[in-house]
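Step one of this worksheet: look at the structure below.
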Amino acid sequence: MKFSLNLAVFLLLSLHCLALFYGASTLSISYDEAKIFFSNENDALLYLLKFFVYLFGQNDLALRTPIIILHFLSSILLFILALKITKTKKDAFFSLLLFIFLPGSVASALVVNEASLVIFISLLILCAYEYQKKLLFYFIFILAIFIDKSFLILFLAFFFFALYKKDYLLFWTSLFLFALSFYFYGFDTSGRPYGFFLDTLAIFAACFSPLVFIYFFYVIYRLFLKEDKPLLWFIMAVTFIFCSLLSIRQKIYLDDFLPFCVISTPLLVSTFMSSYRVRLANFRFKYNVLMQCAFISLVFFYIFLICNPLLYSYISSAQKHFAYNYHGAKELALELKKRGIYAIKTDKPLQTRLKFYGISQSSKFILERSDKKGDIVLYFGPLKQYYEIRRLR
1 MKFSLNLAVF LLLSLHCLAL FYGASTLSIS YDEAKIFFSN ENDALLYLLK
51 FFVYLFGQND LALRTPIIIL HFLSSILLFI LALKITKTKK DAFFSLLLFI
101 FLPGSVASAL VVNEASLVIF ISLLILCAYE YQKKLLFYFI FILAIFIDKS
151 FLILFLAFFF FALYKKDYLL FWTSLFLFAL SFYFYGFDTS GRPYGFFLDT
201 LAIFAACFSP LVFIYFFYVI YRLFLKEDKP LLWFIMAVTF IFCSLLSIRQ
251 KIYLDDFLPF CVISTPLLVS TFMSSYRVRL ANFRFKYNVL MQCAFISLVF
301 FYIFLICNPL LYSYISSAQK HFAYNYHGAK ELALELKKRG IYAIKTDKPL
351 QTRLKFYGIS QSSKFILERS DKKGDIVLYF GPLKQYYEIR RLR
């Protein structure tokens, strides 16, 4: 049984990584990703990205490989965490399966931002705590404040958990780190008050898939009524409530919050399987239906994300594609190089993206989108997009 489970985990992660590398090969660097790569900040993720690009050249696979590696390591850590939280090894495997198929988790493994690093560090912290490696736990816990501002919410969750457990060392450490994080990074409350609560719920539903998100919310409510509340519940609840309250007033960046929600899969599976097992076989029908519907929807969204370029065949305009900002720049740079053009002027977002592929800014040529047939034609499935090259005087 042990061998077969380990083999299943190995095969699952191997196939998943192959799918992610395929998905990464279809993407071009986006404007937001290019801003991260060309920034001058002292950022752990930026150093990691530039190290891989230095080793393997300035291309998309080199850019996204460290993100995929972080996701792979996070998947292993989540399985190790699930072995501690769930009742059986099979439940731990289901936790890993759910984590891998969550749309938000897949997106964090393909898109260059801090989410992948935040998930990895958060799982390191949780594993160290759950396995009672106190020195390692406090070392990583304190180190997290220097890695990313998003850990402010994790410190807040640990603060409430420590208060609940009456763990005074953890209480004061969490409070100090929360205050320090708030002092270092602040929290943006500027702008005109406006409600984005429904938008926030919609994004949560998209990152979990609707059925899983409903169950996520149910688990928060159900365990709230119980006396014994695990650490993962505090992380889930504090993140979701804090995020929801803020969204009533202003638009928030969910990249700062969602990493602490997608790591909750061991608790979701543990709660579901506990309810499933206490019922006789004749009374498990609705649970079986829910499980099958959730799995089918997750597989659908997984294929939808990995093979997203195929969607261009079913839309009327390339700009309507949800991942349009992650396509086209690589192919456009290649077409320019075929024409011997290695420097050209265009709008700032496209200029920044082309810079990654070796196309610098020029005062001789200008590149503009065209509604009619132009010098360069990019194909998005059956759709065409034209670009016109003009010489500047």
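In the numbering used here, the protein residues as written are 1 to 393. Every residue, glycine too, gets a C-beta built ideally from N, C-alpha and C.
Would F159 pass as a contact of S174 if the rule is Cβ separation under 8 Å?
yes
At 4 residues or longer, what runs of the alpha helix (DSSP H) sit wholly inside the region 53-93?
60-85
Does the beta-carbon of I241, which I'm using as the reference point, lie nearer than 7 Å to any heavy atom of the ligand SAH?
This structure lacks the ligand SAH; in fact it carries no ligand of any kind.
Thinking just about the alpha-carbon of each residue, which of K373, L267, V299, I341 is nearest to the one in L83?
L267
Cβ neighbours of T239 in the same chain (closer than 7 Å, five flanking residues each side left out)
I153, A157, F257, F260, C261
Report, in whole angstroms, the separation of the C-beta atoms of F161 and L177, which I expect to be a contact under 8 Å.
Actually they do not touch by this definition, with Cβ atoms about 13 Å apart.
Cα separation between I76 and F295?
21 Å
Any idea what DSSP makes of S360, helix, strand or coil?
strand
Cα separation between I119 and I67?
11 Å
Three-state class that DSSP yields for I147 in the structure shown
coil
For A323, the three-state DSSP class (helix, strand or coil)
coil
Beta-carbon contacts of L5 that lie in its chain and below 8 Å, excluding the five residues immediately before and after
K89, K90, F93
Residue of F217, I125, I121, Y138 minimising C-alpha distance to I147
I121
Can you check which of these residues, W233, L232, D255, is closest to C243 by C-alpha distance?
D255
Grab me the residues of A34's own chain with a C-beta within less than 6 Å of its C-beta, minus the 5 sequence neighbours each way, in chain order.
T352, R353, F356
Which word fits R222, buried or exposed, when buried means at least 16 other C-beta atoms lie within 10 angstroms of its C-beta?
exposed
Decide if I303 is buried, meaning its Cβ has at least 16 other Cβ atoms within 10 Å, or exposed.
exposed
DSSP state of S181, grouped into three classes?
helix
Can the beta-carbon of Y324 be found closer than 8 Å to that of A318?
yes
Between S74 and T86, which are expected to be in contact by the criterion C-beta below 8 Å, what is the C-beta distance as a whole number of angstroms?
Contact doesn't hold; Cβ gap of about 17 Å is too wide.
Residue ranges of each alpha helix (DSSP H) run of no fewer than 4 residues wholly in the region 90-118, ordered along the chain?
103-110
So, with DSSP's three-state summary, where would you put I366?
strand
Just how far apart, CA to CA, sit D32 and D199?
21 Å
Would you mind listing the alpha helix (DSSP H) stretches within the region 266-325 that are 4+ residues and don't spill past its ends, in chain order?
285-306
Limits of the unbroken beta strand (DSSP E) element including E388:
383-391
Determine, using beta carbons only, whether V112 and L63 come nearer to each other than 8 Å.
yes
Round the Cβ separation of S360 and Y342 to the nearest angstrom and send it over; I've been treating them as touching at under 8 Å.
7 Å
Among residues of its own chain, excluding the 5 on either side of R284, which ones have a beta-carbon nearer than 7 Å to its beta-carbon?
Y276
Whole-Å CB distance - I125 paired with A109, under 8 Å assumed
At roughly 20 Å, the Cβ-Cβ gap does not stay under 8 Å, so I125 and A109 are not in contact.
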